[in-house]
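Counting in the numbering used here, the sequence shown tops out at residue 1071, every number present.
All residues carry an ideal CB built from backbone N, CA and C; glycine is no exception.
The block underneath contains the structure these notes are about, expressed in structure tokens.
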Amino acid sequence: MASSDIIRTVTTTQAPPAPSRSSENTSGAPPNPTETSSDPAAPTTSSNPQLPQAPPLHAVDVVIDGLPYHLPGRDEGPFEILLQDGTVSLLYSDKVIMRDQTLLIPAEVPASQEISAGGVIITAQPGAITEPEQREDGDDRDDDGGGGGGGLFGALFGGLAGTAGGIVGGISSIGSSAASFATGTGGMAAVASLNGIQESVDLTKLSEGGLRTFSLAQNLGRGVANWLSNTQNLLQRFEGLSLEVQQTLKDTIRKYAQGQLQQVGEAMKEFEDFPWEDEVPEPTVTSTGIPSNTKTPTETSAPATTSMQATTSMQTTEAPETTTETSSTSTSETSSSSSAEPTSTDPPIWHTITARWGVSLEKFEAFAQELDGAVGDMHYNGNRPVYYTMITQANASRLPSEHDFILGTWAHKFDLSEVDDPENFRAIPLEDGSSGLTGTIPTLDNADDKPPRSILGAFSGILTPRAPARIPTSPSSPWWKKMIARPRGMSSDPVFLSEDGRGEGVTIYILDDGFDTTIDELQPNGRKVETFVPDNSYTFPRRYLDGIRQREDRANAIEKVPNIRGAGEGHGTKMAAIAAGSTIGVAPKANLFLAKGKGTWITGPPSAENPYENDMNVAWQPDGVQVCIDAIREHIQARQKDDPEAKSVINMSWGVPLSDSQGRGRGIERVLAEFFRFTEANGIVVVMAAGNVPREFLHTKVPQKFGTRDNRLITVGGVQEDGSLYDKTSAEIPGNDGSMTVFAPATRVVAPGNDGELHDTPLGNTGTSQATAITSGLIAYLWTLPMPDFGVFSGDLPAFKDDPKKFLVEHAYPRHTLEAVPDKWQHIPELNVVYNLANGDPDHACVIDFRKRQEGDDAACSVSSTSTRFDAAQSLILEYFLILVTVLQQRSRLHKQLLHRCPRESHQPLVQHRQLCLEDHLRPQSHRTCAAYSSANSMWYNLLNIHGRRNGHFKYSQAGATSPTGQKHSVQVLRMCHTGLSRSS
């Protein structure tokens, strides 16, 4: 398979799963109650009857491929185990799913017993339980278990305090070496001790904080013991593993060691620091062995007890910056959307501190060291460092003003009332005007159909195409395609026509909630289809699932391994298919770069019939948006380095209100402000959906607020089949930020979603999202129209390359006469719908008639019936005049481009013979060797051969060329110029 036919999936590798996140997919933390104390470390003694009951002891192990593993508790999510064959086994409290089989675990396992299904055999056995030791001297630290570095977690996390008391006796007994833990024995001992505490101590007497702290330590201990034992086993057999499994194991070790192990260490430290003497004054055993340490966490520590203050959504602490390039006005807000101003006495919570593009890692590491000793989590993608740490909102809010290299900060907050609220804006409306909460995860079954994946990280690979999407077989194109191909003056929509370029060579970037790249519409077929999937540490706020699990029906929620696939009907899948689907897309030859900006979690095990039925999405987060647009920026810059004329279009069929209670919109605003400065400076078009909530105006949300009349941000509204307004379109309010640009079809735009399904209902196929995808595809299509790259229209209409937005606007026109202007739309008297020029352009007189490539088709640009016609003499004079003007305009630009693209050793021949290069007629297969050259060459010949003549000012023959001065140039000279170009490809 050719390289251009490969779907290349890109995943972030610099960002390990963040520490202190019990929501990782292997942690399976139990539901967390709402904290009632402002002191994160202080227990509560409330007798509230709503407090959760202590879970019964569930200590069951299973033996898989000869190795024992702990099962999670009954209220905990599953663990994942990487097997030697590269498949992943899921361990639940009551079952094990492995190798396409489900093995049920009995409710009680009093003794070892064999369990089998479909030829797969495991053994279930009682988990180890060690009774806690009594300490009489009150000194709960061994010599090697203090804060300096002995004991299990002293050995693994040198900066953490040592473990204390009988509760961690099994851990600290390994002394200054963690070797036994690395082979699994230390982990098993630690879990056995925690199991012993649960059996010996009446946990019903614990407060909320105490019970949660114990449960978190116990479950994380089980998970990390499983992982270490599993990893050691695979390392011993490393040489015998397949290359794919070896790589998966390497990735898993790196990410687990930097994320989950640190999380376990923090949970155990919190366990040590917790004031247990206040929890169980009258223990039910002869000695509790509970440590008496009462110290509290500092601002920069990461105690799990702060989790209820740091989850679901984001709260920005700095006003977004705006520029004249991207926004007409600036915001006056300088703090978060919270009603209360942050103070220095607020408790520390998780924050994201992000640098500006291009800030060095060394500089940001020095900043982190100065801020809090660099105890947080640093991510770096090669162009921008991002730091996650615990800090008060008051301190965070000051950082951008104190350090000019900081782009912004935002807090990770959680509001239980919003757990199941729909997203603010998805650009696909529901019947009640809201929008659905959806998600994207890989199936848990059929592991052999997927490449191996790491236990905690994203996996990537070439996806197997499904059967072709079931596109209706009809000789007529859908109505929305006919509408955009209809010229002014035509009474009905014509048969859909398009130029055969159809976006070839242009890259459409789509940032959305996920994509099913296995459907036929999104196959490469000679173009590039690339994907980008961020690590969950960017798309999940800290402690996100801790809050989710408070809901009874979400108690088993788990975070999913990153995957490109979307959920539900597949919003992102539809956008990609409409813009550039191989059959129905407006630009079917365009390249695609698909970026999934949302993390995915699952409410519970899926059914065999519908493995995606329980998928849910995390709402848009500033971190997720930023890592995606950084990837897009890097990709564009790499393409421009190879080809300065590389053409790009960016599609954003989504939006987030600036007024959301968690402040996510303000954080995303800062991220987009910086990105749009880049797109403006590089002439890149960004197409945005206006939105489907009439009461949410353009200036109230991002990215929509950044649009102006003059920048390259295009905001798209929707029209119905008769050209009338799609009445849910969000409006522009004059005098405020945001600018409506054009309109496009928005109803019954049927496109395949996930699994290639056509959801032929108004609900799933209506909205300004669809109108935006149509427009993005049209921009890519217009880039490849066979028009010369200089102005050939009368008036002040620019060439498309010079101002794509103005060109699009000038050719858009209303398909419907407004009898009554809707409320809030008085300043937009016409709904100008986009047009693809396939049936001529009666509105704009072309100076010269450039024909389409296919003989007999209508011209892409036609002289209108009212424009002036030229006689033969006038036409000839005009022709040579245009040639002269064009050469003068192109000479400097073309020369620079040729020098840029050609090797240094070929510069001199090019300088001497650049005019000759213009005269040389490169064959079509050579055009790609130098984009600037082929563009000028095509323009030159279009002009010279307008009237069918091949003897223009210059005379060509097989032997060479004769210049205007009569000087003859041999084929050898021409070939020298041509070779210089060819060597640059």
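The alpha-carbon of MET661 is positioned some 8 Å away from that of ILE596. Residue burial is scored here from C-beta neighbours: LEU868 has at least 16 other C-beta atoms within 10 angstroms and is therefore classed as buried. In the DSSP assignment, the residues bridged to TRP436 are MET476.
For PHE165, the enclosing beta strand (DSSP E) stretches over residues 165-168.
Here the alpha carbons of PRO486 and ALA452 stand approximately 16 Å from one another. Judged by their CB atoms, VAL835 and TRP566 are nearer to each other than the 7 Å cut-off. If you look at ASN737, you'll find it in the beta strand (DSSP E) that goes 734-738. About 18 Å separates the Cβ atoms of VAL920 and ALA885, ruling out a contact at the 8 Å cut-off. In this structure VAL828 is in contact with LEU894, their Cβ atoms being roughly 6 Å apart against a cut-off of 8 Å. Counting along the chain, no alpha helix (DSSP H) covers VAL619; the unbroken beta strand (DSSP E) around it starts and ends at 615-619.
Looking at the DSSP output, ALA681 bridges to LEU597, PHE618.
The Cβ atoms of THR854 and ALA832 lie closer than 7 Å to each other.
Contact between PRO434 and ILE605 does not hold, since their C-beta atoms are separated by about 46 Å, which reaches or exceeds 8 Å.
The Cβ atoms of GLU699 and PRO692 sit closer than 7 Å to each other. Distance from the CA atom of VAL615 to the CA atom of GLY633, rounded to whole angstroms, is 37 Å. In the structure shown, HIS657 adopts helical secondary structure according to DSSP, grouped into three states.
With respect to the 7 Å criterion, GLY777 and GLY749 are not classified as neighbours on the basis of their beta carbons.
Excluding the 5 residues flanking it on each side, HIS498 has same chain C-beta neighbours closer than 6 Å at ALA396, TRP436, PRO627, ARG628, in chain order. Under the criterion of beta carbons closer than 8 Å, THR209 and VAL149 qualify as touching, at roughly 4 Å. Three or more beta-carbon pairs separated by less than 8 Å link the segment 436-451 to the segment 466-476, which places the two stretches in contact. Under the 10 Å beta carbon count, LEU923 is surrounded by 16 or more other beta carbons and is classified as buried. Judged by DSSP secondary structure, LYS675 falls outside any alpha helix (DSSP H); it is assigned neither H nor E.
Our two residues, GLY842 and THR334, have alpha carbons roughly 30 Å apart in a direct line. Take GLY793, set aside five residues on each side of it, and the residues of its chain with a beta-carbon closer than 6 Å to its own are LEU799, THR801, GLY824, SER825, in chain order.
By DSSP's assignment, VAL771 forms a beta bridge with VAL735. Taking 7 Å as the cut-off, the beta carbon of THR659 is found no closer than this to the beta carbon of ASP701. Note: PHE829 is bridge-paired with GLY803, VAL919 in the DSSP secondary-structure output. Looking at the DSSP output, TYR155 shares a beta bridge with VAL148. Short of 6 Å from the beta carbon of VAL772, and not among the five residues preceding or following it, lie these beta carbons of its own chain, in chain order: ILE736, THR765, LEU799. Per the DSSP secondary-structure output, LEU176 pairs in a beta bridge with GLU166, ILE183. Nearest neighbour of TYR178 by Cα position, chosen from PRO158, ARG185, GLN170, turns out to be PRO158. In the three-state scheme derived from DSSP, where H, G and I count as helix and E and B as strand, HIS913 is classed as coil. DSSP places GLY751 in the helix class (H, G or I) of the three-state scheme. Non-local beta-carbon contacts of HIS902 in its own chain, meaning distances under 6 Å to residues more than five positions away in sequence, involve ASP808, GLY809, SER810 in chain order. Counting along the chain, the unbroken alpha helix (DSSP H) around TRP565 starts and ends at 565-570. Taking C-beta separations shorter than 8 Å and ignoring five residues to either side along the sequence, the partners of GLN332 in its chain run PHE324, following chain order.
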